[in-house]
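Note sheet for the following structure.
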Ligand SMILES: Cc1cc2nc3c(=O)[nH]c(=O)nc-3n(C[C@H](O)[C@H](O)[C@H](O)COP(=O)(O)OP(=O)(O)OC[C@H]3O[C@@H](n4cnc5c(N)ncnc54)[C@H](O)[C@@H]3O)c2cc1C
């Protein structure tokens, strides 16, 4: 095995943390909420509303299991036996206890994290990297538009729960059908618009509805748009090319891509974004 080892590109080794599953609740047929605890989160405040962690899955056939030393695994294991990461939004952190929550889209038997979230039992432990994050609803805006599919619903919920005083929001959340809604923060000034796929490709209905609603008039608006990559492409065109929204007013990214694992999506994301940007540039200068 020695000749296969050390083939992973050299990067600073990150420390992996441990989370224990302390509860599990079905939010809708497509979404399961896990309660988790990590002692490493005690004393930490989460500044943003789109905080995420990278769960570490050990590849099939690897000769190690959690708990492991991430730096040692990085040094010793061949590339195809390195831990596989999956990104999940975290919210409701209690910095005194280290308790937090994460919602998993259950998208059938494919993949690692979806089936894990669906089937995991209370008491299970998993390693993770993070947290990362960079967006929160800023007080300089008076209106917020959120748009996303189920994968972005946790970050949308966290954003809605932290709206600045007096701000209003419209949240467009795409789900499969009317009977698959789930709990989401509501309150004065919050308008929740469920968008139903009813068998359509992920993201197509959401793009259609958000585009059809147009840009709110007379309000300084911030946009938070995340979810399936194909929808992001449409929404970027709507926001940046057709509506000429300033980039600093928009947080937009693909959380996953149809037919790709997260690894495949992450390694092709830069190229995907570069192609979209080149097309936007071409359309804007026509
Ligand atoms: C910053 C960030 C935050 C995220 N937060 C969350 C979150 O809170 N909850 C959440 O569920 N996801 C979230 N995601 C998306 C999640 O990381 C991906 O969906 C990931 O691909 C799931 O891994 P997997 O092992 O289940 O499936 P993979 O092995 O990555 O993929 C297997 C197959 O499932 C398909 N697939 C993947 N995700 C979905 C989906 N949502 N619906 C339908 N088909 C899918 C893929 O296209 C592929 O064909 C987030 C992503 C990012 C970048």
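Numbering (full-length UniProt numbering), first residue to last: 1 to 286.
We put the CB at the ideal spot given by N, CA and C, even for glycine.
What you are looking at is a predicted structure, and each value in this text was computed from that prediction instead of being measured.
A direct Cα-to-Cα measurement between residue 249 and residue 65 gives close to 43 Å. For residue 159, the uninterrupted alpha helix (DSSP H) segment begins and ends at 153 to 160. For residue 71, there is no enclosing beta strand (DSSP E); the residue is part of the alpha helix (DSSP H) that begins and ends at 70 to 76.
Comparing alpha-carbon positions, the option among 27, 22, 42 lying closest to residue 35 turns out to be 22. Residue 233 sits in a helix when the DSSP states are folded into three classes. In its chain, beyond the 5 residues on either side, 52, 53, 54 have a beta carbon closer than 7 Å to the beta carbon of residue 130. Residue 195 has its alpha-carbon roughly 21 Å from the corresponding atom of residue 221. Taking a C-beta distance under 8 Å as the contact criterion, residue 169 and residue 146 qualify as a contact pair. Closer than 7 Å to some heavy atom of ligand 1: that describes the Cβ of residue 87. Residue state for residue 180 is assigned as helix, using DSSP reduced to three classes. Exposure of residue 198 is indicated by the presence of fewer than 16 other C-beta atoms within 10 angstroms of its C-beta.
Under the three-state reduction of DSSP, residue 194 is assigned to strand. In the DSSP assignment, residue 276 falls within the alpha helix (DSSP H) that extends over 262 to 284.
Residue 235 and residue 252 do touch by the CB rule: their CB atoms are close to 6 Å apart, below 8 Å. For residue 113, the enclosing alpha helix (DSSP H) begins and ends at 113 to 119.
A check of alpha carbon separations from residue 204 across 176, 29, 107, 44 identifies 176 as the nearest. Taking residue 124 as the centre and dropping the five residues before and after it, the same chain places the C-beta of 20, 21 closer than 8 Å to its C-beta, in chain order.
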